[in-house]
Amino acid sequence: MHDDSHKLYYNINEAAARYGFDASKLRYWESVFPMLKPEKRGGDRIYTPEDLEVLDEIVYLVEHKKHKLAAARQIMETGRSQRTKIKRAVQQLETIKRYLQDIKELMK
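Taking the working numbering, the leading residue of the sequence shown gets -15, the next gets one more, and so forth.
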C-alpha cells in the first residue's frame, strides 16, 4: 500500500478500496450514518480525510466490533465509541502540551 496521506480528497472507489469494500457499501452507509456526508461534485462523491476518519470509525464498529448498523450509528451519535474517547483525550493532551510549552517559553 502506498502513502497517499497527502491527498486532499478521494473518489468513492479509492475510499472503498481502502477498506476492501465495493462502492455500493459506502453509498448505502451514507443513508444509515448521517455523519457520513461526502461532498458531491458533478455527481461524483468526494471523500476528504475527515470523511475517511468517519469511515474508519464505522468500519471499526461494524466490521471489527461486529455492532449492527443501528447500534454503531447510535454509538457514533452519542460519542461513546472508544476511538472517539481516545481522540478526545489526545486532543486534550495536545492542548495541555501547548499550554506547558507556552509556560516554559515565558520562564526563559
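Beta carbons are placed, not taken as given, at the ideal position from N, Cα and C, and that holds for glycine.
If I follow the unbroken beta strand (DSSP E) through E23, where does it start and stop? The count along the sequence shown starts at 1 and reaches residue 23 at position 39. 23 to 25 is the span of the beta strand (DSSP E), which, as asked, contains E23.
Span separating the alpha-carbon of Y3 from that of Y(-6): Here residue 3 is taken as the residue at index 19 of the sequence shown, counted from 1. Here residue -6 is taken as the residue at index 10 of the sequence shown, counted from 1. Between Y3 and Y(-6), the C-alpha separation is close to 13 angstroms.
In whole angstroms, what is the alpha-carbon distance linking M(-15) and A(-1)? Taking the sequence shown and counting its residues from 1, one reaches residue -15 at position 1. Taking the sequence shown and counting its residues from 1, one reaches residue -1 at position 15. Since pLDDT at M(-15) reaches only 42, below the 50 mark, its modelled position is unreliable, and no value is offered.
Counting only runs of 4+ residues fully inside the region 11 to 65, write out the alpha helix (DSSP H) ranges in chain order. 33 to 43, 53 to 62
Could you tell me whether the Cβ atoms of R72 and Y44 are closer together than 7 angstroms? Working through the sequence shown from its first residue, we reach residue 72 at position 88. Working through the sequence shown from its first residue, we reach residue 44 at position 60. No, they are not a contact pair.
If you run the structure through DSSP and keep just helix, strand and coil, what is Y(-6)? As a first step, residue -6 must be located in the sequence shown, where it is residue number 10. Of the three classes helix, strand and coil, the one that applies to Y(-6) here is strand, per DSSP.
Is there contact here, the region 8 to 26 with the region 37 to 53, by at least three beta-carbon pairs under 8 angstroms? yes
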